[in-house]
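Step one of this worksheet: look at the structure below.
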Amino acid sequence: MTDFTALHQPGSPLVLVNVWDVASARIVAAAGAAAVATTSAGVAWSLGVPDGDALGREAAVAAARRIVAAVSVPVSVDVEAGYGDPARTLREMAAAGVAGVNLEDGRRSIAEQTERLAAARAAAPAVFLNARIDTLLFGLGDVTEAIERGRAYRDAGADGIFVPGATDPAVVGALVAGIPGPVNVMAGPGAPSIGELAKLGVARISLGSAVAQAAYGLVDRAAREAFTGGGYAELAGAADYGRLNELSR
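Structure follows, in structure tokens:
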């Protein structure tokens, strides 16, 4: 299997189309993904619970195990805030065969999060630890604080730094320049293109929950179209039945 860490190359980023179940993972892998990564929101919604640590460790590990078994590329898992015990969560994810995890800081102080990261690092030294910084996403601080956190998290043992909410090219460039190590950003409508982010030196690009939202949006539109006596326009472009069956073998 490909070395997951080696896929993080500034200027030639790892692009992750985030998945939430076996079917989406196999579709993304078949499309040419070098690796697949989960969206915690998508996994949670697929199991009928909200995003935000409500999923629980047992369900998250079970979902990860199913996806790891279904594809031949490395799998990275969003473990949210660690489900109450980041070290235990990483040990169980490592046992499930995951290559990497995202661990978010939320509203925690730098000191608290560095302790959590150090414990997680010690628990699973072979797992790529991607430390997520929520400063910009939640409007808790500016790029200077995000860089400070990124440096501290790297010192605590994080392999990469994920800063969702960074879409302005100047901000992305500042993060890349200020944080030693691979920088991961979240992309989607309104963000620079994959090519533009690559030129800024980003090493990893994630689509987050956007693809899951798009899929569920299609379900909603198709249902409303059918229930209002409309046609079937929303079903145009549906995945081929035979191909989905083949991917499920």
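Quick note on this note's numbering: the sequence shown kicks off at 438 and runs consecutively. For glycine and all other residues, C-beta sits at the position ideal for the given N, C-alpha and C.
query: Spatial distance of A670 from G602 (CA atoms); result: 34 Å
query: Start and end residues, beta strand (DSSP E) containing I598; result: G597 to F599
query: Cβ neighbour criterion (16 or more within 10 Å) applied to S646; result: buried
query: Presumed contact (8 Å Cβ cut-off) between P619 and G587, rounded CB distance; result: At roughly 11 Å, the Cβ-Cβ gap does not stay under 8 Å, so P619 and G587 are not in contact.
query: R686 burial status per 10 Å Cβ neighbour count (16 or more: buried); result: exposed
query: contact_flag[the segment 633-643, the segment 657-670] where n(CB pairs < 8 Å) is 3 or more; result: no
query: Residue of L634, A506, P617 and A593 minimising C-alpha distance to S607; result: Ser is not the amino acid found at residue 607; the sequence shown has Ala there. It is L634 whose Cα lies nearest to the Cα of A607.
query: Extent of the continuous beta strand (DSSP E) run through G537; result: G537 to E541
query: Unbroken alpha helix (DSSP H) run spanning L681, endpoints; result: Y678 to L684
query: Enclosing beta strand (DSSP E) for E642 [first to last residue]; result: What sits at residue 642 in the sequence shown is Ile, not Glu. Its beta strand (DSSP E) spans residues R641 to S643.
query: Helix, strand or coil at A474 according to DSSP, with G and I counted as helix; result: strand
query: Own chain residues within Cβ distance below 6 Å of Q550, not counting five before or after; result: D542
query: Bridge-paired residues (DSSP) for F565; result: G537
query: Nearest-angstrom Cβ-Cβ length linking V510 and A472, presumed shorter than 8 Å; result: 5 Å
query: Assigned secondary structure, L451 (DSSP; H/G/I helix, E/B strand, else coil); result: strand
query: A595 beta carbon less than 8 Å from that of L690; result: Outside the shown range of the chain, which is 438 to 686, sits residue 690, and nothing can be said about it.
query: Whole-Å CB distance - L453 paired with A474, under 8 Å assumed; result: 4 Å
query: For V456 and G674, the rounded distance between their alpha carbons; result: 19 Å
query: Y678, buried or exposed, once every other Cβ within 10 Å from all chains shown has been counted against 16; result: exposed
query: Reference P702; option with closest CA among D605, K636 and L612; result: Given a span of 438 to 686 for the chain in the structure shown, any question on residue 702 remains unanswerable.
query: Where D579 falls, given that 16 or more other Cβ within 10 Å makes a residue buried; result: exposed
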